[in-house]
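Notes for the one structure printed next.
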Amino acid sequence: MEDSSPKEDNPGVLKLLEALKQAIQELQAHPTHKSVQSNSSPIKALLELETENRGYGLRSFLTRRVSTYSISRVAGSIESEIQALMDRGSIDSLINALKDPWKDEDELARLLSQFEHRVSQGFNPELQDSVLKSKAFSVLQTVLCDPNCSKQIREKAAFCVAALIRFNKDVFVGQVNMGDTIQALLEMKSAHSVKVLCELITFIKSPFVDVILCNGELPKILTLLESKDLSMKVVVFNCILEIGYFRRKEAVEAMLNGGLIEKLVELQRSEFGGDLIGMGKYGNENEESEGKKREKKFLENHPFASCVARFAVQLEVGEGLRKREKRAFKPEILEKVREASVNDAEAATIIAEVLWGSSP
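Residues 247 to 606 (my numbering) are what the sequence shown spells out, left to right.
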């Protein structure tokens, strides 16, 4: 019968490896004779690991390399190997927990957050190899799209999916099941899930927007602009700006026909709206810099300021539309602004911003 004790001892081994990694970092920072004495904490940690592994060659590993390389180089090599061991152990624990996501949600949430944090530290080929071998991306997508899992777990799985795409877009974008992922993120109707949707639009660009359009998901996104949750409305607006930048003509038409401009005019009219006319546009660099600072501070408290013009700017500077298509959309936007405005003054202000452009 196969001995299952290594799996059972996995958390303890990971703690030991973490302590050892810290000791190795001390060796790298202070590669002096004193630091390699047998009573120093780094060497004690090394010997402890050797004992835990019943003499599987760590002492000979050190002896063989100390004779050739500096202590700092040896420490760096060991630290890299330790991190790889820790990553494999953490991924194994995560995959096992994901197979039964209802068993201990608190522990699974911790493991998901830990994995997201690790992946967000930047590209690492050994870590990528472990992720690919474990098929973690596929398992995470399965949990994300499972309506029987709790919203907390699904959101954290979504964050991990986005983190992996940031980690290496070229490898993981092709593994995204776009249709199911879009549907799952919008079904959750949370600011966190829409934030992930926005990230995926940024990474995958037009192909992702095409799936949103073809699957009829744009109306759901526009409806979320009516949420009573301010944070939700802010992240949905950012999502719409991304769609506007990586748009197709058909996607823009669908948003305009779906009442987007009317909704944006209402948001700009709200207490969190306003206009940015004149901010950041001055005669010299110092005045312009101060204006930009004021504009940024204003947007922190008024996230929908000049939102109609900001959307129009995204269409103007973004990818995909031909020049004649851009010119054709502007009069349509202006006409919808006139229809949605409560008076001529409001219409004139928004139209001026759209015509002359505000900071995107």
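Cβ coordinates follow ideal geometry from the N, Cα and C atoms, glycine included.
Host alpha helix (DSSP H) of residue i (start-end)
| i | result |
| --- | --- |
| leucine 580 | 569-586 |
| asparagine 394 | No alpha helix (DSSP H) contains asparagine 394, which DSSP labels as neither H nor E. |
| glycine 425 | 424-434 |
| histidine 363 | 351-365 |
| isoleucine 523 | Here isoleucine 523 belongs to no alpha helix (DSSP H), and DSSP marks it neither H nor E. |
| glycine 490 | 476-491 |
| aspartate 590 | 590-602 |
| glutamate 499 | 495-503 |
| serine 439 | 437-450 |
| glutamine 421 | Where glutamine 421 is concerned, there is no enclosing alpha helix (DSSP H), given that its DSSP letter is neither H nor E. |
Within 9 Å, strictly: CB atoms of residue i and residue j
| i | j | result |
| --- | --- | --- |
| leucine 446 | alanine 497 | no |
| phenylalanine 657 | lysine 415 | Lying before the first or after the last residue shown, residue 657 is absent from the chain, which here runs from 247 to 606. |
| phenylalanine 557 | isoleucine 486 | yes |
| leucine 522 | glutamate 541 | yes |
| lysine 381 | methionine 332 | no |
| glycine 564 | phenylalanine 518 | no |
| aspartate 392 | proline 347 | yes |
| serine 436 | methionine 478 | yes |
Nonlocal neighbours in the same chain, by C-beta distance under 7 Å from residue i, ignoring five residues either side
| i | result |
| --- | --- |
| leucine 390 | Arg400, Ala403, Ala404, Val407, Thr427 and Ala430 |
| phenylalanine 454 | Met424, Leu446 and Ile447 |
| glutamine 387 | Val407, Asn423 and Thr427 |
| cysteine 444 | Val481, Asn484, Cys485 and Glu488 |
| lysine 495 | Leu567 and Glu571 |
| serine 439 | Glu401, Ala404 and Leu431 |
Cα-Cα separation between residue i and residue j, rounded to whole angstroms
| i | j | result |
| --- | --- | --- |
| lysine 539 | glutamine 514 | 20 Å |
| glutamine 421 | proline 465 | 26 Å |
| leucine 471 | asparagine 484 | 11 Å |
| leucine 354 | glutamine 367 | 20 Å |
| lysine 441 | valine 481 | 6 Å |
| asparagine 503 | lysine 582 | 10 Å |
| methionine 434 | lysine 397 | 7 Å |
| threonine 595 | valine 559 | 16 Å |
| proline 549 | serine 473 | 15 Å |
| serine 586 | isoleucine 507 | Going by the sequence as given, residue 586 is alanine instead of serine. Approximately 8 Å, taken between the alpha carbons. |
| valine 600 | cysteine 553 | 10 Å |
| asparagine 370 | valine 385 | 20 Å |
Cβ shell of residue i (< 6 Å), same chain only, five flanking positions each side left out
| i | result |
| --- | --- |
| glutamate 362 | Phe405, Cys406 and Ala409 |
Residue i beta carbon near the ligand MG (any heavy atom closer than 8 Å)
| i | result |
| --- | --- |
| serine 516 | Looking for the ligand MG in the displayed structure turns up nothing, as the structure carries no ligands at all. |
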